[in-house]
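Undergrad: Got a structure for you, written out below as structure tokens; questions coming shortly.
Protein chains in written order, with the working numbering: chain R, 1 to 189; chain A, 1001 to 1189.
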């Protein structure tokens, strides 16, 4: 059985260095609260407010380190609450995605693009992928077991020496399946 | 292909006659706003507020007609917001389920049980079920197509002369699948 640990991603934001300074003040930088499953990634102590045309969320966790471009990842449920229509995209693929206003203690910024619903994906270390004959960008079908069992299709394989084995789904997917972080999913095709 | 129309159920409540009078005043009754897909069922003009230990929703739609016992149906996302842990159940099976406070213009009531996450199900008219060889209570696997394609397992078949063909899923399931009311699902097993 090709078993993969499940990690449920709540709404979160990645900020550019420029936006960290703009939102938290000149010379500010993110501080680590706790490490994430992927090596080098962490949840920061800092949060921001995000504001859409219909509603907002007062405390959205920032994930570090900073990235080249700011990216807000929300569930479709969140998107309805905000009043925006972000596309389902892979992380980093933000051209033509949705906009949002971001507010920090020292300032605010409105981005024209950068809001996405993250496409479900599995991080594979190269050794896991080789063992199972899986290649980068492959689309997989993955079963989550249980009373609300589902098979998620079009799960994107992402393979790298820098990754740890982990399937990332959002809160809608987790709730639809009755799943939680730490559950085990099964690649079935 | 065994094609079934999809109906997405947002959070809603069914009230007992006693609770309609308690919440809206002695002698009150529900008034119809619009009919639902199942014959005789309707969305009422009336709404109530529901309040859990962690949060509430100010306007929850009442579905009529009245039932023997009051039942609130929420998504798992809603349940987290309310701060309650309702079980996944078929409609009507509320013994030992979660409680909630319900507030109307004329009064409020706290129920000890009656809050569930509705188990996904398909209503079949007897003729549809016979044509496809499906029996009441059977568990089905159903595919929702698209970019966020999923196969929902453990979909409960409910067969009656009084039903119209329709698959009922909640907002978490719809959002996880990128699906909406009016889409077509496919029974695959």
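Cβ coordinates follow ideal geometry from the N, Cα and C atoms, glycine included.
Give the straight-line distance between the Cα atoms of residue 1019 of chain A and residue 20 of chain R, rounded to the nearest whole angstrom.
TA: Along the second chain, one-based indexing puts residue 1019 of chain A at 19. Along the first chain, one-based indexing puts residue 20 of chain R at 20. Each residue's alpha carbon lies about 52 Å from the other.
Undergrad: Taking just the CA atoms, how far does residue 1132 of chain A sit from residue 1159 of chain A?
TA: Residue 1159 of chain A sits at position 159 when you count from the first residue of the second chain. Residue 1132 of chain A sits at position 132 when you count from the first residue of the second chain. About 12 Å.
Undergrad: Anything in the region 1147–1161 of chain A with a Cβ closer than 7 Å to a Cβ of chain R? List those residues in chain order, please.
TA: Cβ contacts with chain R come from 1147, 1148, 1149, 1150, 1151, 1152, 1153, 1154.
Undergrad: Contact criterion: CB-CB distance below 7 Å. Does residue 1003 of chain A meet it with respect to chain R?
TA: As a first step, residue 1003 of chain A is located in the second chain; it is residue number 3 there, counting from the start. Cβ-Cβ to chain R under 7 Å: no for residue 1003 of chain A.
Undergrad: Quick one: is residue 175 of chain R buried, meaning 16 or more other Cβ sit within 10 Å of its Cβ, or exposed?
TA: Here residue 175 of chain R corresponds to residue number 175 of the first chain, with the count starting at 1. It counts as buried.
Undergrad: Verify the CB distance criterion: does residue 172 of chain R have a CB-CB separation below 7 Å to chain A?
TA: Taking the first chain and counting its residues from 1, the one referred to as residue 172 of chain R is at position 172. At least one chain A Cβ lies under 7 Å of residue 172 of chain R.
Undergrad: Report the option in A:1065, A:1060, A:1179, A:1068 whose CA atom is closest to the CA atom of residue 1082 of chain A.
TA: By 1-based counting over the second chain, the position of residue 1082 of chain A is 82. Per the Cα distances, A:1060.
Undergrad: Figure out for me which residue from R:15, R:8, R:1 has the closest Cα to the Cα of residue 104 of chain R.
TA: Locating residue 104 of chain R in the first chain gives position 104, where the first residue counts as 1. Ranking R:15, R:8, R:1 by Cα distance to residue 104 of chain R puts R:15 first.
Undergrad: Return the chain-ordered list of same chain residues with a C-beta closer than 8 Å to the C-beta of residue 100 of chain R, the five sequence neighbours on each side being excluded.
TA: Taking the first chain and counting its residues from 1, the one referred to as residue 100 of chain R is at position 100. 50, 51, 52, 72, 82, 84, 110, 111, 114, 115.
Undergrad: For a minimum of 4 consecutive residues, which ranges assigned as the alpha helix (DSSP H) are wholly contained in the region 21–97 of chain R?
TA: Listed in chain order, they are 76–82.
Undergrad: Mind checking whether residue 1048 of chain A and residue 1023 of chain A have CB atoms under 7 Å apart?
TA: Position 48 of the second chain, counted from the start, is the residue given in the question as residue 1048 of chain A. Position 23 of the second chain, counted from the start, is the residue given in the question as residue 1023 of chain A. For residue 1048 of chain A and residue 1023 of chain A, yes; Cβs fall inside 7 Å.
Undergrad: Name the residue from R:170, R:4, R:189, R:166 whose alpha carbon lies nearest to the alpha carbon of residue 88 of chain R.
TA: One-based indexing of the first chain puts residue 88 of chain R at position 88. When only C-alpha atoms are compared, the closest one is R:170.
Undergrad: Hey, could you find the ends of the alpha helix (DSSP H) residue 1128 of chain A is sitting in?
TA: The residue you call residue 1128 of chain A lines up with position 128 of the second chain. That run of the alpha helix (DSSP H) goes 1126–1132.
Undergrad: For residue 1142 of chain A, which residues in the same chain have their Cβ closer than 6 Å to its Cβ, ignoring the five residues on either side in sequence?
TA: Taking the second chain and counting its residues from 1, one reaches residue 1142 of chain A at position 142. Around residue 1142 of chain A: 1152, 1155, 1185, 1187.
Undergrad: Alpha carbons only, please: which of R:77, R:122, R:6 is nearest the one belonging to residue 1010 of chain A?
TA: On the second chain, residue 1010 of chain A is found 10 positions in, with the first residue counted as 1. Of the listed residues, the one whose Cα sits closest to residue 1010 of chain A is R:77.
Undergrad: State the CB to CB distance for the pair residue 1189 of chain A and residue 1140 of chain A, rounded to an integer number of angstroms; the pair is presumed to be in contact (CB under 8 Å).
TA: Translated into positions along the second chain, residue 1189 of chain A becomes position 189. Translated into positions along the second chain, residue 1140 of chain A becomes position 140. Sure, about 7 Å apart at Cβ, within 8 Å.
Undergrad: Do residue 1044 of chain A and residue 1025 of chain A have their C-beta atoms closer together than 7 Å?
TA: Within the second chain, numbered from 1, the residue matching residue 1044 of chain A stands at position 44. Within the second chain, numbered from 1, the residue matching residue 1025 of chain A stands at position 25. Contact flag unset, no.
Undergrad: Is the CB-CB distance between residue 66 of chain R and residue 17 of chain R below 7 Å?
TA: Numbered from 1 along the first chain, position 66 holds the residue referred to as residue 66 of chain R. Numbered from 1 along the first chain, position 17 holds the residue referred to as residue 17 of chain R. Yes, Cβ-Cβ distance for residue 66 of chain R and residue 17 of chain R is below 7 Å.
Undergrad: Put residue 1019 of chain A into one of helix, strand or coil per three-state DSSP.
TA: Here residue 1019 of chain A corresponds to residue number 19 of the second chain, with the count starting at 1. Here residue 1019 of chain A sits in helix by DSSP.
Undergrad: With a 10 Å radius around its C-beta and 16 neighbouring C-beta atoms as the bar for buried, classify residue 1035 of chain A as buried or exposed.
TA: Position 35 of the second chain, counting from 1, holds the residue named residue 1035 of chain A. Burial call: exposed.
Undergrad: Just the C-alpha distance for residue 162 of chain R and residue 1054 of chain A, rounded to the nearest angstrom, thanks.
TA: Against the first chain, residue 162 of chain R aligns to sequence position 162. Against the second chain, residue 1054 of chain A aligns to sequence position 54. Distance between the alpha carbons of residue 162 of chain R and residue 1054 of chain A is about 39 Å.
Undergrad: Would you give the residue range spanned by the alpha helix (DSSP H) that residue 173 of chain R belongs to?
TA: Here residue 173 of chain R is taken as the residue at index 173 of the first chain, counted from 1. That run of the alpha helix (DSSP H) goes 171–177.
Undergrad: At a CB-CB cut-off below 7 Å, which residues of chain A make contact with residue 176 of chain R?
TA: Here residue 176 of chain R corresponds to residue number 176 of the first chain, with the count starting at 1. Those within 7 Å of residue 176 of chain R in chain A are 1172, 1173, 1176.
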